[in-house]
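K.L.:
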Amino acid sequence: MKIGLVGLGRMGAGIAERLRRAGHDVSGYDQNPAISQVNSIEELVRGLPMPRIVWVMVPAGGATQATVEELASFMSVGDVIVDGGNSYYKDSVRRAAQLKQKGINFVDVGTSGGIWGLTEGFSLMAGGERAAYRQIEPLLKALAPAEDSGYGYMGASGAGHYVKMVHNGIEYGLMQAYAEGFELLEAKKDFNLDLAQVAEVWRNGSVVRSWLLDLAARALQEDPRLEKLQAYVDDSGEGRWMVQESIELAVPAPVISSALQARFRSRQEQPFGARLLAALRNQFGGHAVRER
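For the record, in the sequence shown the residue sitting at position 20 is 4 according to our numbering, with numbers rising by one throughout.
1) Using the C-alpha atoms, what's the distance from GLU170 back to VAL185?
2) Is the stretch 84 to 94 in contact with the stretch 56 to 76, if contact means three or more CB pairs nearer than 8 Å?
3) In the DSSP assignment, what are the bridge partners of LYS86?
4) MET109 bridges to which residues according to DSSP?
5) Do PRO236 and SER230 have their C-beta atoms closer together than 8 Å?
6) Assess contact between the stretch 103 to 121 and the stretch 40 to 60, defined as three or more Cβ pairs (one per stretch) separated by less than 8 Å. Is contact present?
7) Tell me whether the stretch 140 to 155 and the stretch 73 to 87 touch, counting them as touching only if at least three CB pairs, one residue from each stretch, are closer than 8 Å.
8) Do three or more CB pairs link the stretch 108 to 123 to the stretch 156 to 165 at distances below 8 Å?
9) For the stretch 189 to 276, which segments carrying the alpha helix (DSSP H) assignment without a break, of at least 4 residues, lie completely within its bounds, in sequence order?
10) For VAL150, does the three-state DSSP call read helix, strand or coil?
11) Check for me: the alpha helix (DSSP H) holding LEU(-8) runs from which residue to which?
12) Just tell me which of GLU222, MET226, VAL182, THR48 has its CA closest to the CA of GLN205.
13) Please report the distance separating the alpha-carbon of LEU127 from that of ARG2.
14) Taking all protein chains shown into account, decide if GLY101 is buried (16 or more other Cβ within 10 angstroms of its Cβ) or exposed.
15) DSSP beta-bridge partners for VAL66?
16) Pull up the distance between the alpha-carbon of SER194 and that of LEU(-11), whole angstroms please.
17) Which residue comes first and which comes last in the alpha helix (DSSP H) that contains GLY12?
18) Look at the alpha carbon of LYS172 and the alpha carbon of ALA203, and state the distance between them as a whole number of angstroms.
19) Suppose the cutoff is 8 Å on Cβ atoms and the five residues either side in sequence are ignored; what does the same chain contact list for VAL227 look like?
20) If we call anything under 8 Å between Cβ atoms a contact, is GLY144 one with GLY94?
21) Can you tell me the Cα-Cα spacing of LEU233 and LEU124, whole angstroms?
22) I need the boundaries of the alpha helix (DSSP H) containing PHE58, first residue and last residue.
23) On the CB-based measure, 16 or more other CB atoms within 10 Å of its CB, does LEU264 come out buried or exposed?
24) Do you know offhand how far GLY97's Cα is from ARG(-6)'s?
25) Compare the Cα-Cα distances from THR48 to each of GLY12, VAL66, HIS271 and report the closest residue.
26) Tell me, to the nearest whole angstrom, how far the beta carbon of ILE(-13) is from that of LEU32; I am working on the premise that it is less than 8 Å.
27) At what residues does the alpha helix (DSSP H) containing ILE120 begin and finish?
28) Would you mind stating whether GLY111 and SER141 have Cβ atoms separated by less than 8 Å?
29) On the DSSP letters alone, give me the boundaries of the alpha helix (DSSP H) that LEU179 sits inside.
30) Can you tell me whether VAL192 is buried or exposed, with buried defined as 16 or more other CB within 10 angstroms of its CB?
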């Protein structure tokens, strides 16, 4: 198949290369002219056979919206736009409805695998019209770890990004659990534990073994006390959306909510809330405080 791909960052470049290795013809566009293979989105679309398929891998929000709108201005009835980014599922539902009025199909594909997807394969969760899903299924087979596993049709428009949102929320909780556990190990100074060794032992046969633990072991081997890193953790939106969804559906998600809050706290230097706690203890009990 010949397809277009918009967004040649780390994930987009990996997707393009994995598709090429499987025999697909990929024409890529990026705002960075140094890595773009065409000069514009219009040129990208014009160079594709009909029905045209364009896969989008740009940041969620305004960038995705602008890209989809520009693509739609050049595409025709029966063409397919695939959003493989981390878009909010409600945005995907809305985009699918808007594009349907023009006869353009929209498939939201939650894509997991990160920078390892090129070599290990991607996990792909698709939502949209089933007929459009069948059109892009050869691409999903090429991107997945195997032709018969690692990808699937989740349901109507928005379902793919909804499942990916929950996936990322679970990821928040898992990473926070590892972080807290290893911090406790590191704090036990009298044992002088080798954290890289602990991670390696747990990787084999332990009930907590996982790919995330594999990555933790790798990080600890490279920097045993993680002294090169700041304790600053960003979030890309999916955790917030999942916590909001849990509120809307009245489904408790305390672990994931706590993990999200921990990321917020990691970005604060001398947080006001902690200083107020110190002030209160001093006020009611005369407890010692540390002044700046």
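Glycine residues also receive a C-beta, built at the ideal position from the N, C-alpha and C atoms.
Predicted model, so just to flag it, every value in this text is computed and none were measured.
P.N.:
According to the structure data:
1) In a straight line, the C-alpha of VAL185 is about 16 Å away from that of GLU170.
2) Touching, per the Cβ criterion.
3) Among the bridge pairs identified by DSSP, LYS86 is matched with none.
4) DSSP lists GLY94, GLY136 as partners of MET109.
5) Yes, Cβ-Cβ distance for PRO236 and SER230 is below 8 Å.
6) Here the stretch 103 to 121 does not lie against the stretch 40 to 60, with fewer than 3 beta-carbon pairs under 8 Å apart.
7) Contact holds: three or more Cβ-Cβ distances are below 8 Å.
8) Result no; under three Cβ-Cβ pairs closer than 8 Å.
9) Entirely contained in the stretch 189 to 276, the alpha helix (DSSP H) runs reaching 4 residues are, in chain order, 195 to 206, 222 to 233, 238 to 250, 256 to 269.
10) VAL150: helix per DSSP, three-state reduction.
11) DSSP places LEU(-8) in no alpha helix (DSSP H); its state is neither H nor E.
12) Here the closest residue by C-alpha is VAL182.
13) When the Cα atoms are used, LEU127 and ARG2 turn out to be separated by approximately 6 Å.
14) That one is buried.
15) According to DSSP, which records beta bridges pairwise, VAL66 is partnered with TRP39, VAL91.
16) Going by C-alpha positions, SER194 is about 31 Å away from LEU(-11).
17) It is not in any alpha helix (DSSP H) - GLY12 instead sits in the beta strand (DSSP E) that spans 9 to 13.
18) Roughly 20 Å separates the two Cα atoms.
19) Spatial neighbours of VAL227 in its own chain (CB-CB distance under 8 Å, excluding positions within 5 residues in sequence) are listed in chain order as GLY153, ALA237, ILE240, SER241, LEU244.
20) Yes.
21) Linking LEU233 to LEU124 through their CA atoms gives a straight-line distance of about 31 Å.
22) Start and end: 46 to 58.
23) By the Cβ neighbour-count rule, LEU264 is exposed, with fewer than 16 other Cβ atoms within 10 Å of its own.
24) If you take the alpha carbons of GLY97 and ARG(-6), they lie about 11 Å apart.
25) When each option's Cα is compared against that of THR48, the closest is VAL66.
26) Confirmed, about 7 Å.
27) Looking at the DSSP string, the run of the alpha helix (DSSP H) that includes ILE120 is 114 to 127.
28) Yes, they are a contact pair.
29) That run of the alpha helix (DSSP H) goes 179 to 187.
30) A residue is called buried once 16 or more other Cβ atoms fall within 10 Å of its Cβ, and VAL192, having fewer, is exposed.
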